[in-house]
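A.B. asks:
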């Protein structure tokens, strides 16, 4: 075995350069092709010869020089060198997947402590889109009255069991938030009980109203007054004061409230929002007030006033206002100043007269002062998307610290100041000074505390078990590192076999097993990365009467088996045995390929027994194969060595043949005319296409052999390279391409060349592994061309000549030639007009399909068939009633009361020539029709039919029918019944194109052209101001607007709110579908700028609003709200 390709000698005495000069017998030398300057490199044939000799001497590479650790600092392992034991991943060390397989460290899920040593509040896990639930529950949990009421609630016999489960789960959630040692709790069971969808975002304000109402329904009949009234802290009273402008009488109507909805658009401070909330509303016009005193309708003024203040004032900020143009909500991003102390005494206009009297009493001043305790924030464009967080005051701590709750993440709130400026505040919670006191620490029911303690014990056990597993695995990893250093890096005791290979005992071991042992993981199987996977979670609904110690023991046993163990498998080399092995008979053999292709490595006895000991193997086992050891004596398979030698010998022979064939084919092609006639029999024809195919195949074979050579030598590591035979072989019949269907030589000199008789025979006998000899057709240089093919070729030429002459005669005919030439050049679909008008007289309707075939035939009569008799084409326009059926747009075109301006009759899709159908017609005047009928007559008169369709223009006006005057007449008559069934353009379509054109400000909106043609659309729109949009008939106008605004010019110039869409001259409503307005494929929509458009935010805001809107007959799932949940059932 050779160590490298450089060891191959550069001179090959056995291979001589072949003279490239050819001489004819008795003639002078033919001009020869100049020699190319070759590089002084060894040929592949010579390399194969050296490799063959090296393999014969050392087929298993035992004499190859071992590599050292320093040589593989950046280099991978030498695959074909069995003595190379480095570059197997030792630089990377043990795999990081070992520690990752332990799973996430549960200690990271433990609650931290603040600067005072107190636990940080617990977060709530986001189940997908449940951040609105998490944020609101944190505000309720931090309310002392609500927390105490939830804890003190007890189920009564009369309570609904299903509703009672909801309150029990609320107790469990609050207990875990208060006493759990984990940093986050899951609301999976809570969401399941309330039937909340975890994948759809909802409005937090709406959820707050529904949840409080739902809780109030559960506790309404409870015996405990504190529980029954726990939600009364949110309840206040307001009154509607309406003052008649006539009699000045003020009527009052009281109503309770749980929250106040405050406007914020255009306002800078919460006080301004309160003043706007209490502003006067004028009732006039159709909205006049029915005064009970005046006994009639009069103008009036109405305002809202607070009659009773709640203990906890819940302010809902109107961040989302309804946009009439978009039929949905848009977000108000105005920044609002939020005071931490809100004194309603500064806003007497929102107070009723009774409360205004209380303002005068200094002892009652605290009744009007509120302190901020929570802010619920919304980040995002719509109420149904984005993200909710909560900033909440923790009054249960002595420090009264503020916290920001962002699902699992809980951090100190850093934005606290006298007036907080916020663009994201969505809901504010204030607490009255009178009701504000040190919260009472009400504990949960004892069963809940026991349940949380079980969960905490399990969590602590999980933390301890993880620490033990990690410590055990880290110790094993350190031990493996020490073992590698001792076995592989000891300079005195080298791991490889050095010196005389026969004088030392050695073992064969799998390279893959060595890599696995070094990395610590099994390289043959994928490893599951559990670092991002959740660890075992405690079931919060476990029965409490189970012995805790027994549960911990079981839990430890289960979790200890989960992580990956350090790789310690005993090697097994059965897959490396060659096909001649018979394990049952005790015949164990290995092939050189197992070594040469990097499958096996050779180690000395010290390394082998050290590795065996590290994995707990038995060194005294009777079956060495089970341990993976293959000792040297008697294991080399001589049969495999012989097969490899024969394969190399065959490969070398094939390469030698390919080299010689290539030299033959490199000779300059000799023209037949340059060879004397008496010498032609010394040459034979060969197909040029076969030569081209053979060269491509030969190049692939060379690449394959080079890969094999690099595997067998210490060449560059080529990795997994294709070594199978090349399947893309040329034909075994060398002259298949120049053999005619009759088995003779094809006429002409194209596609063939002449080579010497001896060279052709060499190619035929030796090419393709001697498989072309019997299959190849042989044609000598003096072989005549196939007479039958020559005759057929002559006839084909005559037919082509006749067709071309036929076309020439038609176009040069004295009577009709000029007419046909003019008709041929005329634009498709444009009739013959004078000054843009149709002349009076008769016209003929001809199917455009026939006219298109005729034009194509004139352009290339050889490759295109004749269009056939003209009179037969009219049958395509005839219905079953023997009447005429034409496209309805043709009729509309003629019914226009104008001078028939030059416009296309029907659309013609030039991008799709296959779109030609019988519905497309053209108009011919009589001379044009006669010319075509003359040259394309009906040969056989069979059956009855319509010979032509005449269109006469004009007939005149019918005084009795002023609304629809007759401007034309068609003979034979039209079939009205069949034409009604025709669908001009489908109004029920999917994924078709319409055109959106933007008009400059002030330009008149054009009507859609009656024919709706695409050609006219392209003529009246520009790509710079128009956009083709693919839509369906169910697409709404709002969605069409969204798709159209993907055009850069439209998007950069206008906002969607500044554009109104028009179709057929009429403005469109956003929720109309294209089917509702009768849209057809190819219709034009005009986008017209609106002068007085209101600001609706940026384009991205509009997209976010539009994507949540109702774009069709099916409503968006987000708009369904809480329908179907337990909150509204």
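Residue numbers (the numbering used here): 1 to 1129. The beta carbon of each residue, even a glycine, is placed where N, CA and C say it ideally should be.
Taking 8 Å as the threshold (C-beta atoms), are residue 246 and residue 306 in contact?
C.D. replies: As a first step, residue 306 must be located in the chain shown, where it is residue number 306. As a first step, residue 246 must be located in the chain shown, where it is residue number 246. The answer is no: Cβ separation not under 8 Å.
A.B. asks: Could you work out which residue in 284, 595, 378 is closest to residue 1163 when comparing CA atoms only?
C.D. replies: Within the shown structure, residues of the chain are numbered from 1 to 1129, placing residue 1163 beyond reach of any answer.
A.B. asks: Once the 5 residues before and after residue 356 are set aside, which same chain residues still bring their CB inside 8 Å of it?
C.D. replies: Taking the chain shown and counting its residues from 1, one reaches residue 356 at position 356. Once the five neighbours on either side are set aside, the close Cβ partners of residue 356 are 348.
A.B. asks: Thinking C-beta only, is residue 729 closer than 8 Å to residue 697?
C.D. replies: As a first step, residue 697 is located in the chain shown; it is residue number 697 there, counting from the start. As a first step, residue 729 is located in the chain shown; it is residue number 729 there, counting from the start. Taking 8 Å as the cut-off, the Cβ atoms of residue 697 and residue 729 count as close.
A.B. asks: Cα separation between residue 695 and residue 659?
C.D. replies: The count along the chain shown starts at 1 and reaches residue 695 at position 695. The count along the chain shown starts at 1 and reaches residue 659 at position 659. Distance between the alpha carbons of residue 695 and residue 659 is about 11 Å.
A.B. asks: Where do the ends of the alpha helix (DSSP H) carrying residue 182 lie?
C.D. replies: By 1-based counting over the chain shown, the position of residue 182 is 182. Looking at the DSSP string, residue 182 is not in any alpha helix (DSSP H), and its letter there is neither H nor E.
A.B. asks: Taking residue 585 and residue 616 to be in contact with their CB atoms under 8 Å, please state how far apart those CB atoms are, rounded to whole angstroms.
C.D. replies: Along the chain shown, read from residue 1 onward, the residue named residue 585 stands at position 585. Along the chain shown, read from residue 1 onward, the residue named residue 616 stands at position 616. Not quite, the Cβ-Cβ distance comes to about 30 Å (not below 8 Å), so this is no contact.
A.B. asks: So is residue 182 buried or exposed if we call it buried at 16+ other beta carbons inside 10 Å?
C.D. replies: Residue 182 sits at position 182 when you count from the first residue of the chain shown. Buried, because 16 or more other Cβ atoms sit within 10 Å of the Cβ of residue 182.
A.B. asks: So if DSSP puts residue 316 in a beta bridge, which residue, or which two residues, is it bridged to?
C.D. replies: Counting from one through the chain shown, the residue named residue 316 turns up at place 316. 261, 427, per the DSSP bridge assignment.
A.B. asks: Return the Cβ separation of residue 1030 and residue 1064 in integer angstroms, given the expectation that the two are a contact with Cβ distance under 8 Å.
C.D. replies: Counted from its first residue, the chain shown places residue 1030 at position 1030. Counted from its first residue, the chain shown places residue 1064 at position 1064. In fact, because the Cβ distance is near 21 Å, the residues do not count as touching under 8 Å.
A.B. asks: Thinking C-beta only, is residue 130 closer than 8 Å to residue 191?
C.D. replies: Position 191 of the chain shown, counted from the start, is the residue given in the question as residue 191. Position 130 of the chain shown, counted from the start, is the residue given in the question as residue 130. Yes, the Cβ-Cβ distance between residue 191 and residue 130 is below 8 Å.
A.B. asks: Per DSSP, which residues does residue 253 bridge with? Please list them.
C.D. replies: Your numbering for residue 253 matches position 253 in the chain shown. For residue 253, which the question treats as bridged, DSSP gives the partners 240.
A.B. asks: Beta-carbon within less than 6 Å of residue 312's beta-carbon, same chain only, minus the 5 sequence neighbours each way: which residues are those?
C.D. replies: In the chain shown, counting from the first residue as 1, residue 312 sits at position 312. Result list for residue 312: 233, 234, 431, in chain order.
A.B. asks: Since I believe residue 846 is in contact with residue 921 (beta carbons under 8 Å), could you give me their beta-carbon distance rounded to a whole number of angstroms?
C.D. replies: Taking the first residue of the chain shown as position 1, residue 921 is located at position 921. Taking the first residue of the chain shown as position 1, residue 846 is located at position 846. Going by Cβ atoms, the distance from residue 921 to residue 846 rounds to 6 Å, so yes, they are a contact pair.
A.B. asks: Measure the Cβ-Cβ separation of residue 683 and residue 735 and say whether it is below 8 Å.
C.D. replies: Against the chain shown, residue 683 aligns to sequence position 683. Against the chain shown, residue 735 aligns to sequence position 735. Result no, Cβ atoms of residue 683 and residue 735 do not sit closer than 8 Å.
A.B. asks: Given a threshold of 16 other Cβ atoms within 10 Å of its Cβ, counted over all protein chains shown, does residue 103 qualify as buried or as exposed?
C.D. replies: Working through the chain shown from its first residue, we reach residue 103 at position 103. Classification of residue 103: buried, given that the 10 Å Cβ count is 16 or more.
A.B. asks: What's the call for residue 801, buried or exposed, on a 16-neighbour Cβ count within 10 Å?
C.D. replies: The count along the chain shown starts at 1 and reaches residue 801 at position 801. Of the residues assessed, residue 801 falls on the exposed side of the cut-off, its CB having fewer than 16 other CB atoms within 10 angstroms.
A.B. asks: So, is residue 748 buried or exposed, given that buried needs 16 or more other C-beta atoms within 10 angstroms?
C.D. replies: Here residue 748 refers to the residue found at position 748 when the chain shown is read from its first residue. Burial call: exposed.
A.B. asks: Specify, as a first and last residue, the run of the alpha helix (DSSP H) that residue 216 falls within.
C.D. replies: Here residue 216 refers to the residue found at position 216 of the chain shown. Looking at the DSSP string, the run of the alpha helix (DSSP H) that includes residue 216 is 204-219.
A.B. asks: Applying the 10 Å Cβ sphere with the 16-neighbour rule, what's the burial state of residue 416?
C.D. replies: Taking the chain shown and counting its residues from 1, the one referred to as residue 416 is at position 416. With fewer than 16 Cβ atoms within 10 Å of its Cβ, residue 416 is classed as exposed.
A.B. asks: From what residue to what residue does the beta strand (DSSP E) around residue 602 run?
C.D. replies: Numbered from 1 along the chain shown, position 602 holds the residue referred to as residue 602. Taken as a continuous stretch (DSSP letters only), the beta strand (DSSP E) holding residue 602 covers 600-604.
A.B. asks: Do you know how far the Cα of residue 762 is from the Cα of residue 67?
C.D. replies: Start at 1 with the first residue of the chain shown, and residue 67 comes out as number 67. Start at 1 with the first residue of the chain shown, and residue 762 comes out as number 762. Distance between the alpha carbons of residue 67 and residue 762 is about 47 Å.
A.B. asks: How is the alpha helix (DSSP H) around residue 791 delimited, first residue to last?
C.D. replies: Numbered from 1 along the chain shown, position 791 holds the residue referred to as residue 791. Its alpha helix (DSSP H) spans residues 787-811.
A.B. asks: Is the region 482-490 touching the region 598-612 in the sense that three or more CB pairs, one from each, lie closer than 8 Å?
C.D. replies: The region 598-612 vs the region 482-490: in contact.
A.B. asks: If you draw a straight line from the alpha carbon of residue 646 to that of residue 709, how long is it in whole angstroms?
C.D. replies: As a position in the chain shown, residue 646 is number 646, starting the count at 1. As a position in the chain shown, residue 709 is number 709, starting the count at 1. Going from the Cα of residue 646 to the Cα of residue 709 covers about 15 Å.
A.B. asks: Under DSSP, the beta strand (DSSP E) around residue 374 begins and ends at which residues?
C.D. replies: For the purposes of this step, residue 374 is taken as residue 374 along the chain shown, with counting starting at 1. Per DSSP, residue 374 belongs to the beta strand (DSSP E) from 369-379.
A.B. asks: Look at the Cβ atom of residue 237, then the Cβ atom of residue 250, and state whether they are nearer than 8 Å.
C.D. replies: In the chain shown, residue 237 corresponds to position 237, counting from 1. In the chain shown, residue 250 corresponds to position 250, counting from 1. At least 8 Å separates the beta-carbon of residue 237 from that of residue 250.
A.B. asks: Have a look at residue 759 and residue 666 and give me their C-alpha separation to the nearest angstrom.
C.D. replies: By 1-based counting over the chain shown, the position of residue 759 is 759. By 1-based counting over the chain shown, the position of residue 666 is 666. About 12 Å.
A.B. asks: Curious, which full-length beta strand (DSSP E) runs of at least 3 residues does the region 636-718 contain?
C.D. replies: 683-687
A.B. asks: Using the Cα positions of residue 388 and residue 381, report the straight-line distance between them to the nearest angstrom.
C.D. replies: Position 388 of the chain shown holds residue 388. Position 381 of the chain shown holds residue 381. For residue 388 and residue 381, the distance between alpha carbons rounds to 12 Å.
A.B. asks: Please name the residue or residues paired with residue 921 in a DSSP beta bridge.
C.D. replies: As a first step, residue 921 must be located in the chain shown, where it is residue number 921. Answer is 847, bridged to residue 921.
A.B. asks: Would you mind working out which of 810, 804, 841 sits nearest residue 860, comparing C-alpha positions?
C.D. replies: The sequence position of residue 860 within the chain shown is 860, counting from 1. When only C-alpha atoms are compared, the closest one is 804.
A.B. asks: Taking 6 Å as the limit between beta carbons, can you name the residues of its chain near residue 40, skipping five residues before and five after?
C.D. replies: As a position in the chain shown, residue 40 is number 40, starting the count at 1. Per-residue confidence for residue 40 stands at a pLDDT of 40, beneath the threshold of 50, marking its modelled position as unreliable; the derived number appears in the next sentence. Correct list: empty, nothing qualifies.
A.B. asks: For the alpha helix (DSSP H) containing residue 390, name the first residue and the last one.
C.D. replies: Counting from one through the chain shown, the residue named residue 390 turns up at place 390. Careful: residue 390 lies outside any alpha helix (DSSP H), inside the beta strand (DSSP E) at 387-394.
A.B. asks: Within its chain, find whatever has a CB closer than 7 Å to the CB of residue 622; leave out the 5 residues flanking it on each side and keep chain order.
C.D. replies: As a first step, residue 622 is located in the chain shown; it is residue number 622 there, counting from the start. Because the pLDDT at residue 622 is just 39, under 50, the model does not fix this residue reliably, and the value given afterwards should be weighed accordingly. Once the five neighbours on either side are set aside, residue 622 has no close Cβ partner at all.
A.B. asks: Is there contact here, the region 208-222 with the region 264-283, by at least three beta-carbon pairs under 8 Å?
C.D. replies: no
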